[in-house]
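Worksheet: one structure, shown below.
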Amino acid sequence: MGTNAMEPEKRITFVVLWVVLFVGWMAVGPRLFPNLFPQPPKPGRQAAQQAPAGENGDGKVPNADAGEGPEAATEVARVEPPRQPEQGRASEEDAAPPTESLTVPRHPRRSVILGSPDPDSGYFLHVRLSTRGAAVEWVELNDPRYEVLEPPEDADPVPQVKIVGNHLLDAHGRPRVPDATVPLSFETDSDAIDALLQKVDRTVSLRTLDWDVEKVEKDDAGNNTAVTFGIRSPDGQLHLRKTYRLTRKLAQGVPQRTLRDTDPEGYLLHVTLSVTNEGEAPTALRYRLRGPVGVLLENAENTYKYRDLKAAFLTADGELEVADVLHAGSLIKAFDKGEVIDLHAEGRRFFFADIDVQYFTAAVFPTHENATHEEGYWEKVEPVVVQRHPKPERSDISFWAYAHAIDVPPGKTVDHTYRVFLGPKRSELIAALNAQPILDFSTWFGIGYIGRGLTWLLTQLHELGIPYGIAIVLMTLMVRGCMFPLSKKQAIGAARMKELQPKLQALKEKYGHDRERFAREQLKLFQEHNYNPLSGCLPVLLQMPIFFGLYQALRYSVDLRGAPFLWIDNLAAPDELFPLPFRVPVLGWTTFNLLPVLTIALFIAQQKMFMPPPTDEQTRMQMKMMNFMMIFMGVMFYRVPAGLCVYFIASSLWSMAERKLLDKYKSPTQPSGTSSKTAAASGSEPAAKKEGFFERLQKRLEELSAPEIQQQVREGDQKKKKRRSRSGR
Numbered sequence: 195m196g197t198n199a200m201e202p203e204k205r206i207t208f209v210v211l212w213v214v215l216f217v218g219w220m221a222v223g224p225r226l227f228p229n230l231f232p233q234p235p236k237p238g239r240q241a242a243q244q245a246p247a248g249e250n251g252d253g254k255v256p257n258a259d260a261g262e263g264p265e266a267a268t269e270v271a272r273v274e275p276p277r278q279p280e281q282g283r284a285s286e287e288d289a290a291p292p293t294e295s296l297t298v299p300r301h302p303r304r305s306v307i308l309g310s311p312d313p314d315s316g317y318f319l320h321v322r323l324s325t326r327g328a329a330v331e332w333v334e335l336n337d338p339r340y341e342v343l344e345p346p347e348d349a350d351p352v353p354q355v356k357i358v359g360n361h362l363l364d365a366h367g368r369p370r371v372p373d374a375t376v377p378l379s380f381e382t383d384s385d386a387i388d389a390l391l392q393k394v395d396r397t398v399s400l401r402t403l404d405w406d407v408e409k410v411e412k413d414d415a416g417n418n419t420a421v422t423f424g425i426r427s428p429d430g431q432l433h434l435r436k437t438y439r440l441t442r443k444l445a446q447g448v449p450q451r452t453l454r455d456t457d458p459e460g461y462l463l464h465v466t467l468s469v470t471n472e473g474e475a476p477t478a479l480r481y482r483l484r485g486p487v488g489v490l491l492e493n494a495e496n497t498y499k500y501r502d503l504k505a506a507f508l509t510a511d512g513e514l515e516v517a518d519v520l521h522a523g524s525l526i527k528a529f530d531k532g533e534v535i536d537l538h539a540e541g542r543r544f545f546f547a548d549i550d551v552q553y554f555t556a557a558v559f560p561t562h563e564n565a566t567h568e569e570g571y572w573e574k575v576e577p578v579v580v581q582r583h584p585k586p587e588r589s590d591i592s593f594w595a596y597a598h599a600i601d602v603p604p605g606k607t608v609d610h611t612y613r614v615f616l617g618p619k620r621s622e623l624i625a626a627l628n629a630q631p632i633l634d635f636s637t638w639f640g641i642g643y644i645g646r647g648l649t650w651l652l653t654q655l656h657e658l659g660i661p662y663g664i665a666i667v668l669m670t671l672m673v674r675g676c677m678f679p680l681s682k683k684q685a686i687g688a689a690r691m692k693e694l695q696p697k698l699q700a701l702k703e704k705y706g707h708d709r710e711r712f713a714r715e716q717l718k719l720f721q722e723h724n725y726n727p728l729s730g731c732l733p734v735l736l737q738m739p740i741f742f743g744l745y746q747a748l749r750y751s752v753d754l755r756g757a758p759f760l761w762i763d764n765l766a767a768p769d770e771l772f773p774l775p776f777r778v779p780v781l782g783w784t785t786f787n788l789l790p791v792l793t794i795a796l797f798i799a800q801q802k803m804f805m806p807p808p809t810d811e812q813t814r815m816q817m818k819m820m821n822f823m824m825i826f827m828g829v830m831f832y833r834v835p836a837g838l839c840v841y842f843i844a845s846s847l848w849s850m851a852e853r854k855l856l857d858k859y860k861s862p863t864q865p866s867g868t869s870s871k872t873a874a875a876s877g878s879e880p881a882a883k884k885e886g887f888f889e890r891l892q893k894r895l896e897e898l899s900a901p902e903i904q905q906q907v908r909e910g911d912q913k914k915k916k917r918r919s920r921s922g923r
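Per the working numbering, the sequence shown starts with residue 195, numbered consecutively.
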């Protein structure tokens, strides 16, 4: 055991390396290498060939930021294997009805609004649906807390956040009228019905035709609460209906904000797809349902999380299995290689599939009621890139959910029901849905539980009327106060080590050539001064999960989104004190952020306060490495959300004040034999001291260094060499 493992600068280096690795992985990695975090899972199958993803006819990639019209929102071309004819239907050549008997249903284009933009209406959502494909154009949150962060200059009032449908907005944030080529959320199609339709008109399909508005339900205030769209197959055998329904949640004895933050029902869009067999023969129908499209991506320049596809399964035993997260950038990379990534049920049932961002999610939960297959409704989920961005990680992604065949007897109706959650990623809401994998909290060492607990604490402080900036400071002080015993133990150990440093240096100069002797003398010195070199590492390790949990609580707290503090408009984004007159090369910085500069300045001050001055070449090298890491951390922290910087500043000031206080009131380091000498001087018998860690360690070292033990070791080595030489022959 050498002195290097005991020195305080080593422990500080250990702590900083932990922080740098964690924050660097979360911050710099996805930004510089978006396609490497993580690597996409192995594909289920290979595409035979593929057109360039998301390109227009001229080979140029459409620019999503420039709003290049509906043609920018085209799906990535993917060559799929031929799909087999559906069970219960004859092939087109054998049993398809004559073209003369087929009719393409035609209905007028209409839009239907569900819910209300009024937050006092009892609805949480404001939904616009289209008869085109019986699909959703956009879903808006009417909570005043969820306004867009960057509204158009002429916007009055500020628009509300749209969870889906943002691909229909132009560069100025104004909605565009979608044409038949623009994908819409939750549209449905079927190969069998489309094949019949295209016998009459090759340009139409279930998702491009307008469905009939068969029924609209209203509440007592006159707001639409449900709508049913319907369409018949060209041969008249099948009648498809799709019903969308919202639940009105009136606050009765509960504050409206509490209701919105704890009850997920108001954020659920209930979707029912009904298939009625109006023919005389049994039939089976396969369909596919598109997932959410145009999920909101905010603060793209600074965010650390882009659009992700997540999915989870329920096993036969009721266990929840989570699939690998598919990132937008990873999907682009996989598709460019010709890979196709599908998520298959494989004997399980899909519990949910969602597209989510940092603060919001659009998650589809199949209920599997009336399922005629052991795997429930879905056979597989196929990710697709809807709108490709020049920066792949910013691309818009969605999925197709492929259903198993629905067996429908004559004159019967089969319903497939879904719950679609469209709202903020609050722990209480997601927990009520039993869908914790949607949250981005880490599962390592209980970090997720700590993060959720600290998020709750932050919310409780704010509900007392405390601004979020002050609440972050108070939460930091409360957490650091609870950690004070650990910090005190660590500080005392560092102070003792600092006092012992001259004696250790003398031992190193005297016994540096003899490692065994140096180790024994070092242990003896530690024993005399009652110092355990491992006592400083344990507090650090215990603090790590708390630090990471606090980091994640501030990073993923939706309440910090748009929360002001001092000159800061949004605690979930960099403070952006003023714009720079130029763009920093390579790094791309366009604003001056003050809080990261203050954070790094305090880190450097802490380093100078806690680390002793270098005494040899090795410690000087460590000091240079620490200075380099501070520069690296400064680059990493420059785009960190302001709320995190407030935490780091408060925590650093606490640490510096804590160290000053402990240095002022600490007791001097005394050799462990002092008490024995005092007892002898007073004439009393010293208490028998139990053999401690150092006594046992030193005793073991002495046993191993005994001549007879060394001789046994040498003889054992010689026997091993002889056996190896014989086996080599």
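Idealized CB from N, CA, C, for every residue including glycine.
Residues bridged to residue i (per DSSP)
i: Pro790; result: Bridge partners of Pro790: none, in fact.
i: Arg613; result: His464, Phe559
i: Glu852; result: Paired residues: none, contrary to the question.
i: Glu334; result: His320, Lys356
i: Asp543; result: Sequence check: residue 543 is Arg here, not Asp. In the DSSP output, where bridge partners are listed per residue, Arg543 has Leu508.
Span of the alpha helix (DSSP H) around residue i
i: Phe678; result: 678–705
i: Ile357; result: Looking at the DSSP string, Ile357 is not in any alpha helix (DSSP H); the run it does join, the beta strand (DSSP E), is 356–358.
i: Phe712; result: 709–722
i: Leu483; result: Unbroken run through Leu483 is the beta strand (DSSP E), 482–484; no alpha helix (DSSP H).
i: Ile526; result: 522–530
i: Gly400; result: Note that residue 400 is Leu in the sequence shown, not Gly. Taken as a continuous stretch (DSSP letters only), Leu400 belongs to no alpha helix (DSSP H), as it is neither H nor E.
i: Ser621; result: 621–626
CA-to-CA distance, residue j to residue i, given in whole angstroms
i: Glu569; j: Lys606; result: 22 Å
i: Pro234; j: His583; result: At Pro234 the pLDDT is 40, less than 50, meaning the model places this residue with poor confidence and gives no usable figure here.
i: Leu335; j: Val614; result: 14 Å
i: Glu249; j: Glu492; result: Here Glu249 scores only 35 on pLDDT, less than 50, and its place in the model should not be relied on; the value that follows carries that caveat. Rounded to whole angstroms, Glu249 to Glu492 spans 24 Å at the Cα level.
i: Val394; j: Gly473; result: 20 Å
i: Leu525; j: Pro577; result: 8 Å
i: Leu671; j: Leu698; result: 36 Å
i: Ala713; j: His707; result: 11 Å
i: Pro353; j: Asp337; result: 11 Å
i: Leu390; j: Asp406; result: 19 Å
i: Val358; j: His464; result: 16 Å
Three-state secondary structure assigned by DSSP to residue i
i: Trp650; result: helix
i: Ile549; result: strand
i: Leu838; result: helix
i: Glu411; result: strand
i: Tyr662; result: helix
i: Glu474; result: coil
i: Ile535; result: coil
i: Ala795; result: helix
i: Phe635; result: coil
i: Glu341; result: strand
i: Gly675; result: helix
Contact set for residue i: own chain, Cβ-Cβ below 7 Å, skip 5 residues either direction
i: Lys356; result: Trp332, Val333, Glu334, Leu490
i: Thr509; result: Glu515, Arg542
i: Gln450; result: none
i: Val744; result: The sequence given here places Leu at residue 744; Val does not occur at that position. Excluding sequence neighbours, Leu744 sits near Leu648, Val673, Tyr841.
Same chain, Cβ closer than 6 Å to residue i, five either side skipped, listed in chain order
i: Asn360; result: Gly488, Leu490
i: Arg426; result: Pro299, His433
i: Arg401; result: Gly327, Glu381, Asp383
i: Ser295; result: none
Residue interval of the beta strand (DSSP E) (run including residue i)
i: Leu455; result: Leu is not the amino acid found at residue 455; the sequence shown has Asp there. Element bounds for Asp455: not the beta strand (DSSP E) but the alpha helix (DSSP H), 450–456.
i: Gly424; result: 418–426
i: Gln392; result: Element bounds for Gln392: not the beta strand (DSSP E) but the alpha helix (DSSP H), 385–394.
i: Lys499; result: Unbroken run through Lys499: none, as it is neither H nor E.
i: Ala556; result: 554–560
i: Lys585; result: Careful: Lys585 lies outside any beta strand (DSSP E) and carries neither H nor E.
i: Tyr438; result: 432–440
i: Trp594; result: 590–597
i: Glu515; result: 514–516
i: Asp309; result: According to the sequence as given, residue 309 is Gly; it is not Asp. From DSSP, the beta strand (DSSP E) with Gly309 extends over 305–309.
Close beta carbons around residue i, own chain, < 8 Å, minus the five adjacent residues each side
i: Asp602; result: Contrary to the premise, residue 602 reads as Val rather than Asp in this sequence. If we look at Val602 and ignore the five residues flanking it on each side, its Cβ neighbours are Leu432, Val469, Thr470, Asn471, Pro476, Thr477, Ala478, Leu479, Val608.
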